[in-house]
Amino acid sequence: MTVTAPKDTSPRTERTRTTENESAPSLISRILGSAMIFRLAFLLTVLLLWVVASTTVLSSVLPTVPDTLGALYELLTGSQFYEQMWLTVRRVLGGFAIAYVTAFLIGTAMGRSRKGESFFELFIVTGMSQPGIFIAMIILIALGLNESSAIIAMGYLAVPMIAVNFWQGTKRLDTDLQEMSQVFGYSRYAQFRHVILPQLAGPAITAARQAFGVCWKYVVMIELLGLSDGVGYQVNRAFQLYDLTAVIAWTIGFMIFVALFEYVVLRPLERRAFLWRERPMGKFGGGKSTVIEEGEQRA
Numbered sequence: 042m043t044v045t046a047p048k049d050t051s052p053r054t055e056r057t058r059t060t061e062n063e064s065a066p067s068l069i070s071r072i073l074g075s076a077m078i079f080r081l082a083f084l085l086t087v088l089l090l091w092v093v094a095s096t097t098v099l100s101s102v103l104p105t106v107p108d109t110l111g112a113l114y115e116l117l118t119g120s121q122f123y124e125q126m127w128l129t130v131r132r133v134l135g136g137f138a139i140a141y142v143t144a145f146l147i148g149t150a151m152g153r154s155r156k157g158e159s160f161f162e163l164f165i166v167t168g169m170s171q172p173g174i175f176i177a178m179i180i181l182i183a184l185g186l187n188e189s190s191a192i193i194a195m196g197y198l199a200v201p202m203i204a205v206n207f208w209q210g211t212k213r214l215d216t217d218l219q220e221m222s223q224v225f226g227y228s229r230y231a232q233f234r235h236v237i238l239p240q241l242a243g244p245a246i247t248a249a250r251q252a253f254g255v256c257w258k259y260v261v262m263i264e265l266l267g268l269s270d271g272v273g274y275q276v277n278r279a280f281q282l283y284d285l286t287a288v289i290a291w292t293i294g295f296m297i298f299v300a301l302f303e304y305v306v307l308r309p310l311e312r313r314a315f316l317w318r319e320r321p322m323g324k325f326g327g328g329k330s331t332v333i334e335e336g337e338q339r340a
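Numbering of the sequence shown is given in this note's numbering, commencing with residue 42 and proceeding in unit increments.
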C-alpha cells in the first residue's frame, strides 16, 4: 500500500507560490531589459543614419557602408593596423603612467593640505581649460618631434583632469573613521589598506578611466601633428590623400580597440577593486569588523 503525502494547500503556501511566479522574470523580459540590447540598438541607429546620409544628402562625399566595411576588413586582416596600433598603445601607456602618478601626488596633496590646494589650484584651473593642441605644439617643438616628447606632452595634458578626481576623493575621506582606527591601534599600513584605500577606490577607478580617455584623444592629435607613425599619422596621411574611406576605416578600427580595452581591461579591474563591498569585514571573514572585535576585547 502506497501512502501519498498530503499536499500543502494552506493560504501561506499559495501566496508564496504566487509571489515566486510573479517575481520570476520571463525570458523575453530579461532579454529586453539587457544592456546589450540597447548597445546593439545604438549601433543599428548609427548604421541606419549612415546609410541614409550616404545615399541622400552626402552621397557624393560619404562612402557607403559596404565600401567602408570592406576597407575595414582589409585593414583588420593585415599587419599594418596592429603595428601602428601597438605604437599608439605604447605611447598611451607611457603618458598614462606619467599622468596618473603625477595626478595622484598632486591631488592627494591638495586634498590633505590647504597650502597644497592653494599652490596647485591655478595649475588645475588653467590646465583644464588650456587648448591642448597649443601645449602639444610647444612641447614637441621644444623637445623635438620624437616619441619621448609625445609621451611627455600627453602626460602633462592629462594631469589636471585626473588630479581633480584624487583631489575631491581625498577631501571626502572619513577622518572620523581614520581616527577610530588609530585609537584601536591600527598601523599606518593597516590604516591605508583597510580605511583609506577602500574610500579612494572609486576616485582611483574614475581617474584611470578618465586618464585613458584623455590619453586616447591626445595621442592621436600628437601623432597627427608631428610624428611619422601611429594611428594618428595614418589618419592624417589618408586625409591628405582625400581618402575618406580609409579615414573612416582607421577611425572605426581605433574605436573598436578602445571599446575592447574598456570592456576587457578596465571593467574587470573596476569589479575587482570593489569586491570589498561584497565581502564581510574583518580579517577572519566573520561578520564583525576587526575594529569592533578589538574594541570588544579591550572592553
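Glycine is no exception: its CB is placed at the ideal position from the N, C-alpha and C atoms.
Any idea what DSSP makes of residue i, helix, strand or coil?
{"i": "Asn-187", "result": "coil"}
{"i": "Gly-119", "result": "coil"}
{"i": "Gly-271", "result": "coil"}
{"i": "Lys-329", "result": "A caution first: Lys-329 carries a pLDDT of 44, below 50, which makes its placement in the model too unreliable to give a value."}
{"i": "Thr-105", "result": "coil"}
{"i": "Ser-154", "result": "coil"}
{"i": "Arg-132", "result": "helix"}
{"i": "Trp-257", "result": "helix"}
{"i": "Ser-95", "result": "helix"}
{"i": "Ser-100", "result": "coil"}
{"i": "Ile-147", "result": "helix"}
{"i": "Gln-281", "result": "helix"}
{"i": "Lys-324", "result": "Confidence is the limiting factor: at Lys-324 the pLDDT is only 47, short of 50, which leaves the residue's position unreliable, though a coordinate-based value still follows. In the structure shown, Lys-324 sits in coil (DSSP, three-state: anything other than H, G, I, E or B)."}
{"i": "Pro-201", "result": "helix"}
{"i": "Pro-172", "result": "coil"}
{"i": "Glu-63", "result": "Summary for Glu-63: the model assigns pLDDT 49, below 50, so the residue's position carries little reliability; its value from the coordinates is reported in the next sentence. Here Glu-63 sits in helix by DSSP."}
{"i": "Arg-213", "result": "coil"}
Report the residue from the options whose alpha carbon sits nearest the alpha carbon of residue i.
{"i": "Gln-251", "options": "Leu-88, Tyr-114 and Gly-136", "result": "Gly-136"}
{"i": "Gly-173", "options": "Pro-201, Ala-279, Leu-81 and Arg-132", "result": "Pro-201"}
{"i": "Ala-183", "options": "Val-305, Gly-267, Gln-275 and Tyr-304", "result": "Gly-267"}
{"i": "Thr-149", "options": "Trp-208, Phe-122 and Val-299", "result": "Trp-208"}
{"i": "Ile-246", "options": "Arg-313, Leu-89 and Leu-116", "result": "Arg-313"}
{"i": "Gln-125", "options": "Phe-79, Arg-278, Val-102 and Gly-157", "result": "Arg-278"}
{"i": "Val-212", "options": "Ile-165, Asn-187, Ser-170 and Arg-155", "result": "A quick correction: the sequence has Lys, not Val, at residue 212. Per the Cα distances, Arg-155."}
{"i": "Glu-188", "options": "Leu-84, Arg-132, Leu-99 and Ser-120", "result": "Arg-132"}
{"i": "Arg-80", "options": "Tyr-259, Thr-118, Phe-161 and Tyr-304", "result": "Tyr-304"}
{"i": "Leu-186", "options": "Phe-161, Leu-265, Phe-160 and Gln-171", "result": "Leu-265"}
{"i": "Lys-258", "options": "Pro-244, Leu-134 and Phe-160", "result": "Leu-134"}
{"i": "Phe-145", "options": "Leu-84, Val-306 and Pro-244", "result": "Pro-244"}
{"i": "Asp-284", "options": "Ala-82, Phe-160 and Val-102", "result": "Val-102"}
Would residue i and residue j qualify as a contact pair, given that the criterion is a beta-carbon distance under 9 Å?
{"i": "Ile-263", "j": "Ala-194", "result": "yes"}
{"i": "Ala-76", "j": "Cys-256", "result": "no"}
{"i": "Trp-180", "j": "Ser-190", "result": "Per the sequence shown, residue 180 should be read as Ile rather than Trp. For Ile-180 and Ser-190, yes; Cβs fall inside 9 Å."}
{"i": "Ala-112", "j": "Thr-286", "result": "yes"}
{"i": "Ile-289", "j": "Pro-104", "result": "yes"}
{"i": "Val-261", "j": "Gly-294", "result": "no"}
{"i": "Gly-254", "j": "Gly-210", "result": "no"}
{"i": "Trp-291", "j": "Gln-275", "result": "yes"}
{"i": "Val-35", "j": "Phe-298", "result": "Not covered by the structure: residue 35. The range shown for the chain is 42 to 340."}
{"i": "Gly-196", "j": "Thr-109", "result": "no"}
{"i": "Gly-157", "j": "Ile-147", "result": "yes"}
{"i": "Met-178", "j": "Val-205", "result": "no"}
Please look up how many angstroms separate the CB atoms of residue i and residue j, rounded, as I've assumed it's under 8 Å.
{"i": "Ile-203", "j": "Ala-248", "result": "5 Å"}
{"i": "Phe-122", "j": "Leu-128", "result": "Actually they do not touch by this definition, with Cβ atoms about 11 Å apart."}
Is there a C-beta anywhere in chain B that falls below 9 Å from the one on residue i?
{"i": "Arg-250", "result": "The structure shown contains no chain B; it is built from a single protein chain."}
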